[in-house]
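Scroll down for the structure; my scribbles are underneath it.
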Amino acid sequence: MLILTALPTKANARQSALLGLAQDLHCANSEQQASEVLKKLSESPPKPFGIPDENLTGGQNVELYAATVDILLQVLYQTIQQYPRLQEKAERIALLWNYCEIINDGDLADLHFSNQNEVIKSEAIGPFPANKQGFGIWGLLGHRFKNRYSPELLKSSNLYSRELQDLIHRLQNQCFSHPDFNVWPSKSDNPSYTGALHLSEVMEPGKKYPFSWQQHCNPQPVLPPKKEIEPIKKKVTHWVQDKPIRPVNKPYVKPEPPVVESIINTPVVALENQLIDVKPRQEKPKPRLKPKLKQKKSAWSDEIEKIVLEIPLKKYKLPIEGEEPVISPSIPSGNSNAGPPLPLPPEDGLGIAGNFYHRAKLTGQMSVGTNASWKPLSYYFVRGGINYTYLPNSGKFSYSWGLGYDDHHPGTFSAQLNNWGPIYPGDDPLKGAVASFGYKFVADFLKPYHLSGSAAINVPLAGGASISTTWMWSPIEHWFVRASLSKSLVSAGGLDWSYSFGYSDWHPFTFSLTYDNWGSNPIFDSSQGNSFNFTENGAVTLAWSWAF
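Residues are numbered in the working numbering as their position in the sequence shown, beginning at 1, plus a constant of 1293.
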């Protein structure tokens, strides 16, 4: 029987030695394997480019492609996320390299070292298998990449610390971006800065990237271990040891058997030996089934414990650049005054996010409000909102609340309890609350069409359960069209739907402008009313978000 396990994929004929190390690090299936590859990277000679060349030789007539460095930087970041104990090793490698040659005035360049001991730069035309994510994650693309990774080795540096001096060296001599400002110092701000980023050089026409990168690691067949057979020599050894060995130079004297007259005269050692020999014979052998059941039970307990602890220990992460968070399967409904979705707080922040909004219903009602949420751990949240209606009847307050677990990444589950309101003073806050259990689809084949979706089972604390699915189309970043379809599981009614569209940025300190129609709007059944209710149920909301 063959067992398939993911082993590192070695460099093939279409990969350079440097790209092969990146492939081995990407496909490492243990922390030890990843640590060994990082050691090889740290020991590779960085000359003549400040970064190891494709052949890892450091000699003449060598080259280095920006696409390979892009892959390496992305894999180093992924290694930090997968093996946190290797964070310092990976960061030291990224900070050891010099990026002044390969980044020419903000543009990426392929490098070649000639026989005349000079570096020749050519335009890096790609293709880039990592889509320049590696340069962007480490802040080497400036403001073009928002969600950069700041090395912990360069954080919290005081004025006279060794870390600060190292930071200045990286900024001035190795063209590494500032961990806080995500930029490189300009000539006017720092005249002594001599990095190659500000030397505009005319580069030669580049050539196509010649190597092949394997995003997926190939499983390798591994034979099960063979059962060891006890050698015959071992049995013979036991047999020889059981026989008494007679001394060569002394005559053999047959020992006389001891005479035991009574228990009192019996030597203590001999009595103890007799008791030891008798007790094991009286004990019944334990059945072999019990330890197996115990071992099986322990394995199941460990597996259950792993599943239970997996969610609370899951690290909170923001979407990568260019991706939109999957919309939550739990959304407002009916005449709710809830504002637009809240922004996502930063990964290293307080987990607090909120917004201020003005909501204008197309029927003439005007209101202002604010929402706020707190994520104390992972993706667990507590949410609350206040709304004040000033037209046509002023002085009318209402509120909403919610709590639960909601991961915005595809392929994740959510469990929430929400009351989207409006809840007026004196109302029962639990009346109208809905428990929602949802799942966000993993649909890679829909990514080219900028589609994402989720499904949920909704169980009101008072009322019948229903199922729903929500889909969002975002053809341009932050511009969206959303539609949700629901069906009651207890009543004989038809399908209902809600919809919204507009501009909404999940980053904090941004504005959003949306049209929302939370329904309920009957679909495929004209007898129940208008399927759109554009004016009756529609509202336009302008909001500004914040997060810390």
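Virtual Cβ for every residue (Gly too), placed ideally from N, Cα, C.
Original post:
At which residues does the beta strand (DSSP E) containing Lys1654 begin and terminate?
Top reply: Ile1645 to Lys1654
Original post:
With burial defined as no fewer than 16 other Cβ atoms inside 10 Å of the residue's Cβ, what is the status of Leu1643: buried or exposed?
Top reply: exposed
Original post:
Quick one: any contact between the segment 1668–1687 and the segment 1720–1731, if contact means 3 or more CB pairs under 8 Å?
Top reply: no
**OP:** Would you decide whether Lys1780 is buried or exposed? Buried here means 16 or more other CB atoms lie within 10 Å of its CB.
**Re:** exposed
Original post:
How would you call Gln1709, buried or exposed, if buried means at least 16 neighbouring beta carbons within 10 angstroms?
Top reply: buried
Original post:
Can you tell me where the alpha helix (DSSP H) with Gly1351 in it begins and where it stops?
Top reply: Element bounds for Gly1351: n/a, residue is neither H nor E.
Original post:
From Lys1654 to Ser1323, what distance separates their C-alpha atoms?
Top reply: 56 Å
Subject >> Check whether Ala1423 and Leu1379 have beta carbons under 8 Å apart >> reply: no
**OP:** For Lys1689, name the three-state secondary structure that DSSP assigns.
**Re:** strand
Original post:
DSSP on Gln1326, reduced to helix/strand/coil?
Top reply: helix
Original post:
Just curious, the beta strand (DSSP E) that His1319 is in, first and last residue?
Top reply: Element bounds for His1319: not the beta strand (DSSP E) but the alpha helix (DSSP H), Ala1310 to His1319.
Original post:
alpha helix (DSSP H) containing Thr1361: first to last residue?
Top reply: Ala1359 to Gln1375
Original post:
Are Asn1408 and Asn1354 close, meaning C-beta to C-beta below 8 Å?
Top reply: yes
Original post:
Do Ser1309 and Thr1361 have their CB atoms nearer than 8 Å?
Top reply: yes
Original post:
Does the beta-carbon of Ala1785 have 16 or more other beta-carbons within 10 angstroms, so that it is buried, or is it exposed?
Top reply: exposed
Original post:
alpha helix (DSSP H) containing Lys1382: first to last residue?
Top reply: Gln1380 to Leu1389
**OP:** Specify, as a first and last residue, the run of the beta strand (DSSP E) that Gly1429 falls within.
**Re:** Not the beta strand (DSSP E): Gly1429 falls in the alpha helix (DSSP H), residues Gln1426 to Ile1430.
Original post:
Just the Cα atoms here: how many angstroms apart are Pro1634 and Trp1667?
Top reply: 14 Å
Original post:
If Phe1649 sits next to Trp1837, beta carbons under 8 Å apart, how far is it from one beta carbon to the other, in whole angstroms?
Top reply: 5 Å
Original post:
Whole-angstrom Cβ separation of Leu1334 and Ile1386, contact assumed at under 8 Å?
Top reply: 5 Å
**OP:** Write down the C-beta distance between Pro1625 and Leu1637 rounded to the nearest angstrom, noting that I regard them as a contact closer than 8 Å.
**Re:** The Cβ separation is near 19 Å, so there is no contact.
Subject >> Distance, Asp1700 Cα to Leu1670 Cα >> reply: 12 Å
**OP:** Grab me the residues of Tyr1609's own chain with a C-beta within less than 8 Å of its C-beta, minus the 5 sequence neighbours each way, in chain order.
**Re:** Glu1640, Gly1644, Lys1668, Ser1671 and Tyr1672
Subject >> Close-in-space but distant-in-sequence residues of the same chain around Ala1749 (CB under 6 Å, 5 per side omitted) >> reply: Pro1622, Ser1729, Gly1731 and Ser1761
Original post:
From Leu1835 to Tyr1808, what does the alpha carbon distance come to, in whole angstroms?
Top reply: 9 Å
Original post:
Can you tell which of Gly1678, Leu1788, Val1833 and Gln1367 has the C-alpha that lies nearest to the C-alpha of Leu1314?
Top reply: Gln1367
Original post:
Do you know offhand how far Phe1802's Cα is from Phe1841's?
Top reply: 10 Å
**OP:** Measure from the alpha carbon of Ser1707 to the alpha carbon of each residue in Asn1751, Ser1660, Ser1767 and Gly1756, then state which is nearest.
**Re:** Asn1751
Subject >> Exposure of Ser1793, with buried meaning 16 or more beta-carbon neighbours within 10 Å >> reply: buried
Subject >> Beta-carbon gap between His1405 and Ile1396 smaller than 8 Å >> reply: no
Original post:
For Glu1445, does the three-state DSSP call read helix, strand or coil?
Top reply: helix
**OP:** Could you check what DSSP says for Lys1865 in three-state terms: helix, strand or coil?
**Re:** Past the edges of the chain, shown from 1294 to 1841, lies residue 1865, and the structure says nothing about it.
Original post:
Over what stretch of residues does the beta strand (DSSP E) that includes Phe1706 continue unbroken?
Top reply: Phe1706 to Ile1716
Subject >> Beta-carbon proximity check, Gly1714 vs Ala1631, cutoff 8 Å >> reply: yes
Original post:
Three-state secondary structure (DSSP) at Ser1335?
Top reply: helix
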